[in-house]
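Scroll down for the structure; my scribbles are underneath it.
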Amino acid sequence: MYDFAGYIAGSITSPSANVVASTELTSSDPVTPGYNDDPNLVNLVFTYVGPDFRNVDGPFAPLDFNGLSARSTFSGLGVDAFFTLTTKNNPTGAPGGSNTPVFTLGNVSVPTGVPEPASWAMMLGGFGLLGAVARRSNRRVQVTA
Numbered sequence: 632m633y634d635f636a637g638y639i640a641g642s643i644t645s646p647s648a649n650v651v652a653s654t655e656l657t658s659s660d661p662v663t664p665g666y667n668d669d670p671n672l673v674n675l676v677f678t679y680v681g682p683d684f685r686n687v688d689g690p691f692a693p694l695d696f697n698g699l700s701a702r703s704t705f706s707g708l709g710v711d712a713f714f715t716l717t718t719k720n721n722p723t724g725a726p727g728g729s730n731t732p733v734f735t736l737g738n739v740s741v742p743t744g745v746p747e748p749a750s751w752a753m754m755l756g757g758f759g760l761l762g763a764v765a766r767r768s769n770r771r772v773q774v775t776a
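Here the sequence shown is numbered in this note's numbering, starting from 632 and rising by one per residue.
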């Protein structure tokens with residue numbers, strides 16, 4: 632995963648012995664067309680090191696890598712998109728060929744801001760004061776001579 636902002640050093644994990652989790656600042660792999668790899672932001676790298684599953688002609692069943700994770704200083708917040716690079720490993724002659732880059736774009740929903748309880752109290756108090764001032768100004772008696 633490219634440009635994982637707010638990465639907490641040492642927090643990248645993989646529960647699988649067949650997947651090594653590491654980080655890098657720049658990648659020698661091609662970047663998704665239309666995007667840049669920022670050399671100041673960490674890239675998360677998950678590398679399959681298990682037994683070769685391409686020992687027959689294929690097509691090959693997909694492998695699922697559940698539980699891959701990393702922590703960020705941004706907590707529950709996120710940017711609006713991320714992108715990853717996957718390699719498709721089907722033998723030559725199969726659709727897509729062998730070692731074909733597959734670019735994946737993923738949208739991440741950014742949570743909307745929710746006011747803190749203290750902010751709600753201040754806001755309600757302010758509305759109450761505005762209402763009191765408006766009510767008081769309506770009670771004034773105007774004297775005309």
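C-beta: ideal position from N, C-alpha, C; glycine also.
| Query | Result |
| --- | --- |
| State the start and end residues of the unbroken beta strand (DSSP E) segment that holds residue 675. | 674-679 |
| Please confirm if residue 674 has its CB atom under 7 Å from at least one CB of chain D. | Given the protein chain composition of this structure (a single chain), no chain D is represented. |
| With a threshold of 16 other CB atoms inside 10 Å of the CB of residue 634, please say whether the residue is buried or exposed. | buried |
| Taking Cβ positions, are residue 681 and residue 646 nearer each other than 7 Å? | no |
| Would you mind giving the Cβ-Cβ distance between residue 700 and residue 638, rounded to the nearest angstrom? I have them listed as a contact below 8 Å. | Residue 700 to residue 638, Cβ: 12 Å. No contact. |
| Per DSSP, which one or two residues make a beta bridge with residue 655? | 674 |
| Under the three-state reduction of DSSP, which class applies to residue 712: helix, strand or coil? | With a pLDDT of 48 at residue 712, under the threshold of 50, the predicted position of this residue should be treated as unreliable, though the coordinate-derived value follows. Of the three classes helix, strand and coil, the one that applies to residue 712 here is strand, per DSSP. |
| Buried or exposed: which applies to residue 674, given that a residue is buried once 16 or more other Cβ atoms fall within 10 Å of its Cβ? | buried |
| Return the chain-ordered list of same chain residues with a C-beta closer than 6 Å to the C-beta of residue 651, the five sequence neighbours on each side being excluded. | 678, 680 |
| Confirm, please, whether the CB-CB distance from residue 668 to residue 662 is below 7 Å. | yes |
| What did DSSP end up calling residue 764 once you bin it into helix, strand or coil? | helix |
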